[in-house]
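For reference, the structure is listed below as structure tokens.
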Amino acid sequence: MSSHRSPAVAGQFYAGTKPALEEQIEAAFEHPVGPASVPAVSTDGDPPLGLISPHAGYPYSGPVAAHGFSQLATTGRPEVAIIVGPNHGRRGRPLAISGATRWETPLGTVTVHDDLRERLSSAPGVEIDESTHAGEHSLEVQVPFLQYLYDDQVPILPIVMSRQDQTHVDRLTSALLESVTDWSEVVIIASTDLTHYEPAERAHRDDEAIRGAIESLDVASVMDAKQSGHSMCGPGPTAVTLAVAREQQIDSGTVLSYATSGDTGGDMDSVVGYVSAVM
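Counting with the working numbering, you get residues 5 to 283 for the letters of the sequence shown.
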């Protein structure tokens with residue numbers, strides 16, 4: 005396995021230096037679209053099992069993402085963060101766990117949870133393949149928020165879903181349920197953006213169904229929406245997280261924030277939708 009993964013989108017999706025990135029994350033927490041303040045980090049309590057988080061450039065989606073990480077910070081520190089995201093590059097293994105031992109960002113390095121990786125990679129259809137992660141931003145942009153809150157104290161398990169059909173949703177869900185022994189210590193971060201490049205009014209209308217599906221943990225509606233032409237890019241990671249939550253006897257999800265790139269960037273004619281939710 006490779007020793008570490010260097011950042012692929014530092015200086016593009018988020019600031020490329022530590023001081024600038026810390027300032028950018030604080031600005032996301034304090035943004036009018038964000039939770040309004042930097043959270044106090046608690047080490048007590050039970051963190052949420054699942055977090056739905058967007059993955060655009062921080063100036064656009066950062067304030068929405070900050071809602072979920074604020075909730076995570078105030079409800080306890082997870083022992084591991086499983087980050088599941090789509091493959092925007094299209095090439096790669098269907099379900100690929102990072103082969104790196106550490107991931108690097110301008111805020112430092114964070115360990116990949118090797119024991120959980122080994123257990124999960126023994127499941128049918130789940131592979132260790134670092135090449136699938138090369139250049140992919142959807143998982144990487146979640147890591148600096150975790151580092152800002154917890155430094156290097158929360159190891160990660162990054163998983164790319166190159167295939168997001170029902171078969172691979174079921175495979176990854178089963179693999180996670182069989183591999184994780186104590187869900188009270190784990191948070192799954194599902195990385196997705198919602199409607200892409202539509203007028204703001206249409207994005208709000210189209211994304212309402214996805215928000216409802218998240219709140220009701222309705223896996224079928226998430227998958228059906230994509231089949232019906234909804235342009236969300238991470239239906240697979242979202243569906244996996246909802247399915248695991250249902251299996252762990254969680255009744256519902258909570259949408260913490262919804263906004264579009266128009267709310268943070270100003271252009272309402274062609275927006276991307278962002279949601280932050282917990283369960």
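All residues carry an ideal CB built from backbone N, CA and C; glycine is no exception.
Only a predicted model underlies this, so the values are computations on that prediction, with no experimental measurement involved.
Quiz prompt | Residue from Gly240, Val248 and Val68 with nearest C-alpha to Phe149 | solution = Val68
Quiz item: Short check: CB of Asp133 to CB of Arg97, under 8 Å?
Solution: yes
Quiz item: Quick one: complete alpha helix (DSSP H) runs, 4+ long, within the stretch 115-141?
Solution: Runs of the alpha helix (DSSP H) inside the stretch 115-141: 118-125.
Quiz item: Exposed or buried, what is Gly89 when buried is set at 16 or more other beta-carbons lying within 10 Å of its beta-carbon?
Solution: buried
Quiz item: Should the stretch 5-22 be regarded as contacting the stretch 138-145, the criterion being three or more beta carbon pairs within less than 8 Å?
Solution: yes
Quiz item: Just checking, does the stretch 237-254 make contact with the stretch 160-178 on the three C-beta pairs under 8 Å criterion?
Solution: With a cut-off of 8 Å, the stretch 160-178 and the stretch 237-254 count as touching, because enough Cβ pairs lie within range.
Quiz item: Ala224: buried (16+ other C-beta within 10 angstroms of its C-beta) or exposed?
Solution: exposed
Self-check item: Cα-Cα separation between Arg123 and Val130, rounded to whole angstroms
Solution: 10 Å
Self-check item: Cutoff 7 Å; reference Thr177; Cβ partners in own chain excluding five residues on either side
Solution: Val244, Ala247 and Val248
Quiz item: What residue ranges within the stretch 255-282 form continuous beta strand (DSSP E) runs of no fewer than 3 residues, ordered along the chain?
Solution: Restricted to the stretch 255-282, the beta strand (DSSP E) segments that are unbroken, complete and at least 3 residues in length are 258-264 and 275-282, listed in chain order.
Quiz item: How close, in whole Å, do the beta carbons of His8 and Ala104 come, if the pair is a contact with beta carbons under 8 Å?
Solution: Confirmed, Cβ separation roughly 5 Å.
Quiz prompt | Simplified DSSP state of Leu150, which is helix, strand or coil | solution = helix
Quiz item: Glu189 lies in the alpha helix (DSSP H); which residues open and close that run?
Solution: That residue, Glu189, is in no alpha helix (DSSP H); it is neither H nor E in DSSP.
Quiz item: Rounded to a whole number of angstroms, what is the C-alpha to C-alpha distance between Ala127 and Asp197?
Solution: 28 Å
Exercise. Identify every residue that forms a DSSP beta bridge with Met165.
Key: According to DSSP, which records beta bridges pairwise, Met165 is partnered with Pro90 and Leu99.
Quiz item: What did DSSP end up calling Thr242 once you bin it into helix, strand or coil?
Solution: The answer is helix: DSSP assigns Thr242 an H, G or I state.
Self-check item: Chain-order list of residues whose beta-carbon lies under 6 Å from that of Tyr64 (same chain, five-residue window excluded)
Solution: Ser265, Thr268 and Gly269
Self-check item: Per DSSP, the bridge partner or partners of Val37
Solution: DSSP lists no partner for Val37.
Self-check item: Inter-residue Cα distance where the pair is Glu27 and Gly72
Solution: 18 Å
Quiz item: Pairing CB atoms from the stretch 184-198 with CB atoms from the stretch 226-241, are three or more of them under 8 Å?
Solution: yes
Quiz prompt | Bridge partner(s) assigned by DSSP for Ile218 | solution = Beta-bridge pairing links Ile218 to no other residue.
Quiz prompt | Closest residue to Thr91 among Ala100, Ala85 and Ser280 (Cα-Cα distance) | solution = Note on residue identity: the sequence assigns Asn, not Thr, to residue 91. The option with the nearest alpha carbon to Asn91 is Ala100.
Quiz item: Count the other CB atoms within 10 Å of the CB of Gly257; is the residue buried (16 or more) or exposed (fewer)?
Solution: Gly257 comes out buried.
Quiz prompt | Close-in-space but distant-in-sequence residues of the same chain around Arg106 (CB under 8 Å, 5 per side omitted) | solution = Ser7, His8, Arg9, Thr113, Val114, Thr115 and Val116
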